[in-house]
Every structure is written in C-alpha cells, then in structure tokens.
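First the structure, in the form of structure tokens, and then the observations on it.
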Amino acid sequence: MFSLIIPVYNEEGLIVELAARSVKALESFTTNYEILFINDGSTDSTLQKLIEVRKHHSRIKIIDLSKNFGHQAAFTAGLELAMGNYVAMMDGDLQDPPELLPEMYRMIKEEGYDIVSGKRIGRKGSRLKITTNLFHFFFKKIAGIAEIENSGNFSMLNRAAVNALVQMKESIRYLPGMRSFIGFNQGHIEYVREARLEGEPKMTLGKLIVLAADAIFSFSKFPIKVCLFLGTFGTIIFFFAGLYALIDKMLGHSLFGWSSTVLSIYFLGSIQLVFLGVMGEYVYRIYKESQNRPIYLVKKFYDAETE
Ligand code: UDP
Ligand code: MG
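Using the working numbering, the first residue of the sequence shown is number 10, and each one after it goes up by one.
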C-alpha cells in the first residue's frame, strides 16, 4: 500500500485538479494506494469539495481536523494515520508537482534510499524566495543538519522512516528538520518549485516566522550561544572600561559624566531584556512540551469504514 498525504486549508479552488493529478501520478506506478487529505480546519467549502471528489475516487480518504492546527500538525496527522509501506508528503497547492512521485518511488525502490526529498533548484513566482533561502543557509550552519538545504515538506519515506518520525512526539514541530534528524539513507530529487496554482498562500508571514523560530529553537542552541558570547564580550569590555574609569578618577580627572552613566544603564538594561526574552522562549517551549497536549484532534475520518 502507498499513502500520499496532503494538508489543505481553504483550498476550495484546487481540490478537483489536485485530486485528479495526484490520482493520475499514483496510478502510473501502483494500484494499491490511498490519498489522505487532511482538512486543517478550513472555513471555505474545501471539505464539501473533498467529499464530492471522494465519491469518484474511493481511494481518497479525508481526515477532518477539529480546527486549524497548522500545516506541520496536519502533516503529522497524515503520517500517523497513513497505512502505506511508503508514504509521500505533499503540499496541497500544487507547488510540489505530483508528477515527481513515480521517480521518487523508483529511487526508493531501486536506489536503496529510505527517504527521498524534493530539493528546490528554483522557484516560480514565489514570494519570500530570498528569505527562505537565507533561512535554510543559516539554519544548516547553526543546526549542523546537512540535508535541510532547500528542501521543505515534499518527500517520500519508507515505513521504517515513517515509524521513526512518528515516534517523535514533540508538540513544537518542524518536520523538515525532524526528517533530517532521524538519519536513514536520504536522497534528493531536484525540481523547480511551481507558483501556487490558485489562491493566496495559507502560510502567512507570521506563521512562517513562527516556523523559523521553532526550527531554530528546537534544533540548535544558537540563541543561547549568542547570549553567552555577548555576555562574555560585554563583561570583558566593561571590566576594562571600569578599570579605566577608576584609574581616571584616582588621577583626579572625571571623564565620565551624566551621558555615559545613562547610556551604560540603558545598554545593560536592554541587553538584559533581550536575554530574558531568549530565556522566555525556552521556558515557554519547555512549558508547551510539558503540557503534552495532542498535536491535532480529528473530528471525523472519512475512510471506507465510516460510510
Ligand atoms: N496549510 C495547512 N494549514 C495551515 C496553513 C497551510 O494545512 O494552517 C496547507 C496549505 O493548504 C497548503 C500547504 O499547507 O496545502 C502549504 O501552504 P502554503 O502553500 O500556504 O505554504 P508555502 O507554499 O507558502 O510554504
Ligand atoms: Mg505553497
């Protein structure tokens, strides 16, 4: 059995074409497959469209989440509920072409990879191109994860790799990082990322920034290192500045007056606030993890048994 998982959030205009192209791509190499659409709390007619499409394609299943949990959570739902020996993860806006699936499958079957992920060698009409590339470059450096550069969620995994991913229960999730973290034999397929077929991106700038922060905080101690470095640097500078001021005073001069005092108080105060913010991010994340809440909740699972 082969599983394709696709999260969708307010993608009503895309469902019909998405389903048709996915079915066609899958049927070119297997007859035993399921397509799991994860409806991530859409507020438009996405669910109705999915139910409609399901009437024509019995191999389509719908996981209807109880609200919008975010696309990393939606992918997680798909990974946990997929039954296939092989599982592919694909965005629902056709930026990741389903036509690549047969080749990814061949690479896993014939070239001995456990995981094949799509590596973007270009993008069409996409916003935030530079920011995303910069983020990947930076993230690769600080997290020491080799596989990450220019790959997102688009990937295919065998059962062993899926089981490994599913074992990671952290509630703050960055799946491309987690996928690199688990190891296994990882391969890449290069592709040009298409422009979104229809509609606005559902990952708003705010959601992307949160995702980037989650990635950095959960895969590196870079923020702590920066604090430590600045703290140490500051201490050394201020030690010598203090010494200088003391000697100056003893010699009877008074170089330091009102402005230097206020400025150093202000400088120290703001650096401490930044450090407290970084600490706060960690404490918040520890708190989030310790709550141990479910990553997603299913309202209804439309598979063969439910009807
Ligand atoms: N998505 C989702 N939940 C969300 C946001 C997005 O399931 O809260 C889905 C969305 O429908 C799409 C995929 O995740 O299928 C990627 O979203 P988008 O295209 O907006 O992200 P980008 O391509 O900008 O990374
Ligand atoms: Mg997209």
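Beta carbons: idealized from backbone N, C-alpha and C, even for Gly. Every value quoted in this text rests on a predicted model; they were computed, and no experiment measured them.
query	result
Heavy atom of ligand 1 within 7 angstroms of A97 beta-carbon	no
Sequence ranges, beta strand (DSSP E) only - wholly within the region 65-136, length at least 3	69-74, 95-98, 124-132
For K33, the three-state DSSP class (helix, strand or coil)	helix
Among D73, M98, L59, the one whose alpha carbon lies nearest that of S317	A query on residue 317 cannot be resolved here, the shown segment of the chain reaching from 10 to 316 and no further.
Three-state class that DSSP yields for P232 in the structure shown	helix
Under the three-state DSSP convention, the category E199 falls into	strand
E20 classed as buried or exposed, judged by whether at least 16 other C-beta atoms fall within 10 angstroms	buried
Whether I72 touches F226 by CB criterion (8 angstroms)	no
Three-state secondary structure (DSSP) of N172	helix
Q7 CB to nearest heavy atom of ligand 2 below 7 angstroms	Since the displayed the chain opens at 10 and closes at 316, residue 7 lies outside it and no answer follows.
Whole-angstrom distance between E43 and P107, CA atom to CA atom	14 angstroms
Below 7 angstroms from a heavy atom of ligand 2 - residues by beta-carbon	D100, D102, Q104, R205, P210, M212
Beta-carbon contacts of L174 that lie in its chain and below 8 angstroms, excluding the five residues immediately before and after	L88, L166, L184, M187, R188, I191
Where the beta strand (DSSP E) containing E43 begins and where it ends	42-48
Same chain, Cβ closer than 6 angstroms to F11, five either side skipped, listed in chain order	T39, Y42, G93, Y95
Euclidean distance between Cα positions of A34 and Y114	11 angstroms
Terminal residues of the beta strand (DSSP E) in which K309 lies	307-311
CA nearest to the CA of D102, picked from G261, S268, P16	P16
Whole-angstrom C-beta distance between G208 and L23, which should lie under 8 angstroms	7 angstroms
Any non-hydrogen atom of ligand 1 within 7 angstroms of P185 CB	no
Own chain, CB closer than 6 angstroms to I246, minus 5 neighbours either side, in chain order	none
Outcome for G251 when other beta-carbon atoms lying within 10 angstroms are tallied against a minimum of 16	exposed
Alpha-carbon spacing of T244 relative to G266, whole angstroms	21 angstroms
E20 Cβ short of 7 angstroms to ligand 1 heavy atom set	yes
Buried versus exposed call for Y296 [16 or more other C-beta atoms within 10 Å across all chains shown]	exposed
For F247, the three-state DSSP class (helix, strand or coil)	helix
C-beta contact flag for D223 and F163 at 8 angstroms	no
Span separating the alpha-carbon of N142 from that of F249	41 angstroms
Where S299 sits in the DSSP three-state scheme	helix
Inter-residue spacing [alpha-carbon to alpha-carbon] between M116 and I198	9 angstroms
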